[in-house]
Ligand SMILES: Nc1ncnc2c1ncn2[C@@H]1O[C@H](COP(=O)(O)OP(=O)(O)O)[C@@H](O)[C@H]1O
Ligand SMILES: [Mg+2]
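Numbering (my numbering), first residue to last: 166 to 418.
Now the structure itself:
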């Protein structure tokens with residue numbers, strides 16, 4: 166059974182079909198790429214999977230359960246986390262506090278307890294801090310914990326976003342152009358980072374990315390979208406040699 170699958174998912178905005186009859190199947194432990202030119206519908210596919218958009222047609226299944234149309238927090242609680250195409254860190258918060266936001270999403274502490282600072286809340290807060298520090302240690306950002314998130318170099322900010330998503334303890338991680346704006350060296354580092362966290366945290370990963378070196382280097386399989394349609398799928402070698410892909414995407418660069 167696939168961990169995540171979409172069945173003929175279609176997303177229309179008025180007269181525009183952003184995603185058309187999308188069928189993806191992602192097995193546990195896979196790293197799967199989703200590529201295609203700008204406007205192809207990649208981010209919309211993520212929005213549908215994570216509950217930001219309810220598809221016009223089709224179904225999304227996660228771990229055997231139909232999650233189509235569920236609220237974002239319900240889907241997050243089932244173990245799907247994502248990052249966004251543009252950095253969305255809390256600028257005025259420290260690195261540690263940004264990770265804590267992710268932790269609290271998982272623990273969803275009772276607001277009443279939080280207001281009164283009851284022991285239950287304080288204990289859970291301490292647990293969350295310890296967990297967040299562990300996470301930062303594991304990804305090599307421990308020494309940056311108290312710095313402002315925005316004072317980090319760009320590559321580390323993008324990594325911090327991924328760490329914040331990890332704080333929700335997901336089994337599936339959706340990364341939307343994590344290497345955007347990175348130089349070749351940072352992209353290469355990110356590729357190793359993605360592989361490492363996949364192994365370390367037992368993740369299954371769906372990755373949108375334009376940096377071909379990253380996509381081809383890290384993905385087991387790739388789906389190619391163009392104007393909402395899936396024009397190709399296969400392993401990196403097959404995708405790189407597919408004339409339709411070369412014409413639609415690789416050739417256009
Ligand atoms: N909320 C929305 N309302 C209207 N059109 C949208 C919305 N979200 C995305 N689109 C359109 O859907 C198409 C696919 O967009 P998107 O999924 O962001 O593409 P990609 O991530 O592949 O670049 C684009 O034409 C975009 O303008
Ligand atoms: Mg996008």
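Every residue, glycine too, gets a C-beta built ideally from N, C-alpha and C.
Residue 389 is positioned such that its CB atom lies closer than 9 Å to that of residue 407. When the five nearest sequence neighbours on each side are left out, the beta carbons in the same chain lying within less than 7 Å of the beta carbon of residue 240 are those of 215, 216 and 232, in order along the chain. In the DSSP annotation of this structure, residue 304 is not part of any alpha helix (DSSP H), being labelled neither H nor E. If you look at residue 173, you'll find it in the beta strand (DSSP E) that goes 169–178.
According to DSSP, residue 394 shares a beta bridge with 391.
In this structure, residue 224 keeps its C-beta atom at 9 Å or more from the C-beta atom of residue 192. C-alpha of residue 322 to C-alpha of residue 302: approximately 15 Å in a straight line. Counting only residues of its own chain and dropping the five nearest sequence neighbours on each side, residue 351 has a CB closer than 6 Å to the CB of 320. Of the candidates 203, 409 and 265, 265 places its Cα closest to the Cα of residue 295. Between residue 338 and residue 368, the beta carbon gap of about 5 Å places them in contact (Cβ cut-off 8 Å). Across the structure, residue 184 and residue 174 are spaced so that their CA atoms are roughly 7 Å apart. For residue 343, the shortest C-beta to heavy atom distance toward ligand 1 is 8 Å or greater. With 16 or more other Cβ atoms from the protein chains shown falling within 10 Å of its own Cβ, residue 332 counts as buried. Boundaries of the beta strand (DSSP E) around residue 337: 337–341. In the three-state reduction of the DSSP assignment, residue 382 falls in the helix class. A Cβ-Cβ distance of about 7 Å is found for the pair residue 387 and residue 398, placing them in contact under the 8 Å criterion. In this structure residue 220 is not in contact with residue 391, their Cβ atoms being roughly 19 Å apart against a cut-off of 8 Å. Residue side-chain check: residue 208 places its Cβ nearer than 8 Å to a non-hydrogen atom of ligand 1. Secondary structure at residue 333: coil, using DSSP grouped into helix, strand and coil.
Distance between residue 206 and residue 230, taken at the CA atoms: about 24 Å.
In the same chain as residue 310, and ignoring 5 residues on each side of it, the C-beta atoms closer than 6 Å to its own belong to 260, 261 and 301, in chain order. In the structure shown, the three-state DSSP call for residue 297 is helix. Secondary-structure assignment with DSSP links residue 230 through a beta bridge to 227.
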